[in-house]
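Here my numbering is used: the first residue of the sequence shown is 4, the next is one more, and so on.
Glycine included, C-beta positions come from ideal geometry on N, C-alpha and C.
What you are looking at is a predicted structure, and each value in this text was computed from that prediction instead of being measured.
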Amino acid sequence: MQQRPFVLGISGGSGSGKTSLTRALQRAAGRDGCSVVDHDSYYRDLSDRPLSARERVNFDHPDSLDNALLAEHLGALQRGAPVERPVYDFATHTRTGQTKRVEARPLVICEGILILAVPALRRRLDLSVYVDAPADVRALRRVQRDVDERGRTVASVVSQYLETVRPMHDQFVEPAKRAADVVLDWRRTPDEQAQAVLERVRALRGAALVQAAT
């Protein structure tokens with residue numbers, strides 16, 4: 004009996020280890036067994052505003068993302084259809100106009116800080132995971148990532164963290180942890196976390212097959 008793609012949501016604060024877990028799951032599931040849709044690719048296109056205005060946007064608020072489009076894409080993937088996700092340029096806060104094809108593979112991972120804070124996205128998830136990490140660890144990891152990968156200065160990253168990242172974490176991300184099916188300890192290695200998650204996925208898939216057959 005063929006099953007529809009299983010949508011796994013991975014959330015947690017910025018720098019908690021979501022991406023490391025996602026990569027471990029990709030390794031474990033294999034290239035043909037897993038697809039990834041990251042929430043960050045769905046930031047709204049701000050090309051109609053001057054750069055100075057774009058830089059003042061609160062990118063840590065759920066409204067800064069096109070959640071309706073992501074929910075639509077997750078629904079299509081669940082039905083077995085591929086989607087064209089946007090490609091976002093973090094340096095200019097705009098969409099490039101290009102897209103990346105995401106296939107509807109057996110396991111579809113949706114990863115992002117705010118996915119559990121948006122009801123329309125939560126409803127699309129078959130299993131939701133929250134990676135829990137202390138604030139100091141998350142802050143240091145975010146600084147390192149944004150400087151190394153996104154061309155930011157340390158001063159700008161720290162300023163954003165104090166002005167929006169931390170307040171939005173307290174308002175939206177941390178409270179959404181209560182909606183998670185599984186809460187993972189950041190001190191476990193990504194591979195250990197991935198195995199724990201895959202065991203839960205297999206159990207739920209097996210239960211779904213039994214239910215469908217009866």
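Neighbourhood of residue i by C-beta distance below 7 angstroms, restricted to the same chain and skipping five residues each side
i	result
L49	R57, V60, H96, T97
W189	S19, G20, V134, D135, A136, V140
Residues that residue i bridges to, as DSSP identifies them
i	result
E114	I13, D41
Y91	R98
V86	V105
S131	G12
V186	Y133
Y46	L68
Minimum C-alpha distance to residue i - residue among the options
i	options	result
A142	Q101, R47, L24, V160	V160
V168	S19, L11, V10	S19
R26	T156, A206, E195	E195
L68	Q81, R82, S44, H76	S44
G83	D51, C37, R30, S14	C37
L80	V40, P65, L54, R52	V40
Q29	R7, D66, C113, L72	C113
For residue j and residue i, believed in contact at Cβ under 8 angstroms, the rounded distance
i	j	result
L124	A183	Contact flag wrong, Cβ pair sits at about 13 angstroms.
V186	L11	14 angstroms between Cβ atoms; not a contact.
Neighbourhood of residue i by C-beta, 8 angstroms cutoff - its chain only, sequence neighbours within 5 removed
i	result
D151	none
F9	P109, L110, V111, D129, L130, V204, L207, R208
Contact set for residue i: own chain, Cβ-Cβ below 6 angstroms, skip 5 residues either direction
i	result
R144	G18
V213	Low per-residue confidence applies at V213: pLDDT is 41, beneath 50, and the placement is therefore not dependable, though the value from the model is reported in the following sentence. Result list for V213: empty, nothing under 6 angstroms.
| said: Quick check: the segment 79-95 against the segment 194-210, are at least 3 beta-carbon pairs closer than 8 angstroms? | reply: Counting Cβ pairs under 8 angstroms, fewer than three are found: no touch.
| query | Does the segment 10-26 come close enough to the segment 127-139 that 3 or more CB-CB pairs lie under 8 angstroms? | reply | By the criterion of at least three beta-carbon pairs nearer than 8 angstroms, the segment 127-139 is in contact with the segment 10-26.
| said: Taking contact to mean 3 or more Cβ pairs, one atom from each stretch, closer than 8 angstroms, check whether the segment 72-90 and the segment 103-120 are in contact. | reply: Look at the beta carbons and you see the segment 72-90 touching the segment 103-120: at least three pairs across the two are nearer than 8 angstroms.
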